[in-house]
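Residue numbering for the sequence shown is 0 to 414, as defined by numbering that gives the first Met the number 0. Virtual Cβ for every residue (Gly too), placed ideally from N, Cα, C.
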Amino acid sequence: MDDKNNQKPATFSTKSDVGDRVKIMTTPVKNTFSKLPNHKYAKHVVVGALCLVLGLGGGFAGAAIYNSANGHTSTASKRQYVSDESALIDQIAKNVGQSVVSVNVESQSTVPDFFGLQQDTSQQSAGTGFIISASGIIVTNRHVVPDGTTSVSVTLADGTTFDNVQVIGRSSASSTQDIAFLKIGDLKGKTLTPVTLGDSASTQVGDRVVAIGNALGQFQNTVTSGIISGFGRDVTAGDATSSSESLTDLFQTDAAINEGNSGGPLVNINGEVIGINTAIASNAQNIGFAQPINDLKGLISSVLNNGQLQQPYLGVHYVSLTDDIAYEFNLSVKRGAYVVSSDTEPAIVAGSPAETAGIHEKDVITKVNNINVNENTSLVAAISRFKVGDKVTLTVVRAGKTITLHVTLGQAPTQ
């Protein structure tokens, strides 16, 4: 996608002696470990868990308020709170866990040997995914099924394994959306349960979340819990091969996320998927990153409706505004996407939807329909919520005046 954020994101070194690093989280499969045992998960309704929390917790909440006002909290109240929270997480894990799969990948790559000659090498790795359609469509990360993937298999929570799995689409290497889609070829009569997608835009710092994934590629459907620690994070993530990718508009969470969790769901207390676990800061304690699900719904919709991945495309080069950048460019508006050229890229891509719509260099795009473009939602993230062919209205500040432009989103080029 040509829409690039020229503002430098936080970059985490891949060298262990330079500080924190962000890693994309596939993990090699080690043959020294035995195969995971099969586990069966019964279907439960999350609403029931909420009723349990509200019903059992209501009385204790009143007692807690009274005790707090008098300077003390009973041990029984504390225990009941912990018990209720544990029951809720258990219900979420069972309900969503049946839709989470382990993704096992075989791939080939070319690497130089000791003498500098190029040699083909094969590798096995593992990640996570989750089911979004009863027909067998699965979401995972792009880096879970990299270029050179030769075969993919998925394993359900109950141990059922499907070997006939096709990669039906991956976001482009230049895209800030790290997503791929898989399709099980033959369900063999198996009934699949899709996840429920939530509204990541309503998520706030401090909200409780649950992460589910194939930790270390060996511990299937590992469940951890925590909170949303921040949002609107931009990072440059790298893996063991020193390749890297720029990711924007991420949730930060302290729910423990480990290698192998890539592509797994980040779930709210309603049992809804609000993010896709994508990266970790490996030299820190419990700093993980997930892509908000709203930023990916346009891509998900294209796959569900058309059977192929279509990335929406505007065609501008821009800088995300902050107070400092707005001051540097002497702009009256302090949030938005400032359309500007770079040394290597024009502000407006020739022949793009942006050019057709009449976007000019030095325009500031502040809204896409009713979505504000700011430090929490980049222009790329806002555009990605729509589908190719959608007509959207851009709110633009041009020379101090606010205007609206209408644009039909195109298909992103492969590069």
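Residue range of the unbroken beta strand (DSSP E) whose run includes residue i
{"i": "Asn276", "result": "272 to 280"}
{"i": "Ala179", "result": "179 to 183"}
{"i": "Pro291", "result": "287 to 291"}
{"i": "Thr154", "result": "148 to 154"}
{"i": "Ala200", "result": "It is not in any beta strand (DSSP E) - Ala200 carries neither H nor E in the DSSP assignment."}
{"i": "Ile382", "result": "Looking at the DSSP string, Ile382 is not in any beta strand (DSSP E); the run it does join, the alpha helix (DSSP H), is 378 to 382."}
{"i": "Ala336", "result": "336 to 338"}
{"i": "Gly168", "result": "164 to 169"}
{"i": "Val143", "result": "Here Val143 belongs to no beta strand (DSSP E), and DSSP marks it neither H nor E."}
Pair within 8 angstroms by beta-carbon distance, residue i and residue j
{"i": "Ile268", "j": "Ile292", "result": "no"}
{"i": "Gly263", "j": "Phe129", "result": "yes"}
{"i": "Val222", "j": "Ala92", "result": "yes"}
{"i": "Leu227", "j": "Thr202", "result": "Correcting the residue identity first, residue 227 is Ile in this sequence and not Leu. Yes; because the gap between Cβ atoms is below 8 angstroms, this pair is in contact."}
{"i": "Ser101", "j": "Gln219", "result": "yes"}
{"i": "Ser261", "j": "Thr277", "result": "yes"}
{"i": "Leu408", "j": "Gly388", "result": "yes"}
{"i": "Ala411", "j": "Ser171", "result": "yes"}
{"i": "Val391", "j": "Val367", "result": "yes"}
{"i": "Val143", "j": "Gly126", "result": "yes"}
{"i": "Ser106", "j": "Gly158", "result": "no"}
{"i": "Ile88", "j": "Ser224", "result": "yes"}
{"i": "Leu181", "j": "Val153", "result": "yes"}
{"i": "Val138", "j": "Ser124", "result": "no"}
{"i": "Val208", "j": "Thr252", "result": "yes"}
Terminal residues of the alpha helix (DSSP H) in which residue i lies
{"i": "Ala325", "result": "322 to 327"}
{"i": "Asn429", "result": "Shown here, the chain extends from 0 to 414; a query on residue 429 therefore has no answer."}
{"i": "Pro264", "result": "Element bounds for Pro264: not the alpha helix (DSSP H) but the beta strand (DSSP E), 264 to 267."}
{"i": "Val355", "result": "Correcting the residue identity first, residue 355 is Thr in this sequence and not Val. Thr355 -> alpha helix (DSSP H) spans 352 to 356."}
Spatial distance of residue i from residue j (CA atoms)
{"i": "Val95", "j": "Ser351", "result": "40 angstroms"}
{"i": "Asp1", "j": "Ser150", "result": "At Asp1 the pLDDT is 48, less than 50, meaning the model places this residue with poor confidence; the figure from the coordinates comes in the next sentence. Whole-angstrom Cα-Cα distance: 30 angstroms."}
{"i": "Gly47", "j": "Asp362", "result": "Confidence at Gly47 is low in this model, with a pLDDT of 37, below 50, so its placement is unreliable and the value that follows should be read with caution. One C-alpha to the other measures close to 50 angstroms."}
{"i": "Val406", "j": "Lys189", "result": "43 angstroms"}
{"i": "Ile131", "j": "Gly115", "result": "44 angstroms"}
{"i": "Thr25", "j": "Ser108", "result": "With a pLDDT of 46 at Thr25, under the threshold of 50, the modelled position of that residue is not reliable, and no figure is offered here."}
{"i": "Ile275", "j": "Ala349", "result": "33 angstroms"}
{"i": "Leu308", "j": "Val266", "result": "24 angstroms"}
{"i": "Ser121", "j": "Gln290", "result": "29 angstroms"}
{"i": "Glu360", "j": "Glu258", "result": "42 angstroms"}
{"i": "Ile370", "j": "Asp198", "result": "13 angstroms"}
{"i": "Pro345", "j": "Ala254", "result": "40 angstroms"}
{"i": "Val302", "j": "Val234", "result": "27 angstroms"}
{"i": "Thr365", "j": "Ser383", "result": "15 angstroms"}
{"i": "Glu271", "j": "Leu295", "result": "15 angstroms"}
{"i": "Asp185", "j": "Ile136", "result": "11 angstroms"}
{"i": "Ile347", "j": "Leu393", "result": "15 angstroms"}
{"i": "Arg141", "j": "Gly231", "result": "20 angstroms"}
{"i": "Asp342", "j": "Gln90", "result": "53 angstroms"}
{"i": "Lys386", "j": "Ala156", "result": "32 angstroms"}
{"i": "Ser319", "j": "Asp83", "result": "43 angstroms"}
{"i": "Ala356", "j": "Ala381", "result": "17 angstroms"}
{"i": "Arg165", "j": "Ile183", "result": "Strictly speaking, residue 165 in this sequence is Gln, with Arg absent from that position. So the two alpha carbons sit approximately 6 angstroms from each other."}
{"i": "Gly399", "j": "Ala200", "result": "29 angstroms"}
{"i": "Leu330", "j": "Ser281", "result": "38 angstroms"}
{"i": "Ala236", "j": "Gly306", "result": "29 angstroms"}
{"i": "Gln284", "j": "Arg397", "result": "44 angstroms"}
{"i": "Ile402", "j": "Val395", "result": "5 angstroms"}
{"i": "Thr31", "j": "Asp119", "result": "The pLDDT assigned to Thr31 is 32, lower than 50, so where the model puts this residue is not dependable; a value taken from the coordinates is nonetheless given after this. Between Thr31 and Asp119, the C-alpha separation is close to 24 angstroms."}
{"i": "Tyr317", "j": "Glu327", "result": "15 angstroms"}
{"i": "Asp322", "j": "Ile279", "result": "28 angstroms"}
Bridge partners - residue i, DSSP secondary structure assignment
{"i": "Phe128", "result": "Note on residue identity: the sequence assigns Gly, not Phe, to residue 128. Beta-bridge pairing links Gly128 to Val100."}
{"i": "His405", "result": "Thr392"}
{"i": "Thr175", "result": "Answer is none; Thr175 lacks a bridge partner."}
{"i": "Asn371", "result": "Lys366"}
{"i": "Gln217", "result": "Its beta-bridge partners do not exist; DSSP assigns none."}
{"i": "Ser224", "result": "Val209"}
{"i": "Gln410", "result": "Pro311"}
{"i": "Ile347", "result": "Val315"}
{"i": "Phe250", "result": "Ala289"}
{"i": "Val332", "result": "None, per the DSSP bridge assignment."}
{"i": "Ile136", "result": "Lys182"}
{"i": "Thr160", "result": "Thr154"}
{"i": "Gln90", "result": "In the DSSP output, where bridge partners are listed per residue, Gln90 has none listed."}
{"i": "Lys400", "result": "Arg397"}
{"i": "Gln123", "result": "Glu105"}
{"i": "Gly229", "result": "Gln251"}
Near the ligand NAP: residue i beta-carbon under 7 angstroms from a heavy atom
{"i": "Ile268", "result": "Within the structure as shown, the ligand NAP is missing, as the structure has no ligands at all."}
Quick test of the definition: if touching needs 3 or more C-beta pairs under 8 angstroms, does the region 246 to 261 touch the region 310 to 317? By the Cβ criterion, the region 246 to 261 is not in contact with the region 310 to 317, since fewer than three pairs of Cβ atoms, one from each stretch, lie closer than 8 angstroms.
Does the count of Cβ pairs from the region 318 to 338 and the region 369 to 382 closer than 8 angstroms reach three? In the pairwise beta carbon analysis, the region 318 to 338 is classified as touching the region 369 to 382: at least three pairs are separated by under 8 angstroms.
Check whether the region 131 to 145 and the region 185 to 199 are in contact - that is, three or more C-beta pairs closer than 8 angstroms. Yes, since at least three Cβ pairs between the region 131 to 145 and the region 185 to 199 fall closer than 8 angstroms, the two stretches touch.
State whether the region 211 to 218 contacts the region 174 to 189, with contact taken as three or more CB pairs (one from each stretch) at a distance under 8 angstroms. Counting C-beta pairs with one atom in each stretch, the region 211 to 218 and the region 174 to 189 have fewer than three that are closer than 8 angstroms, which means they do not touch.
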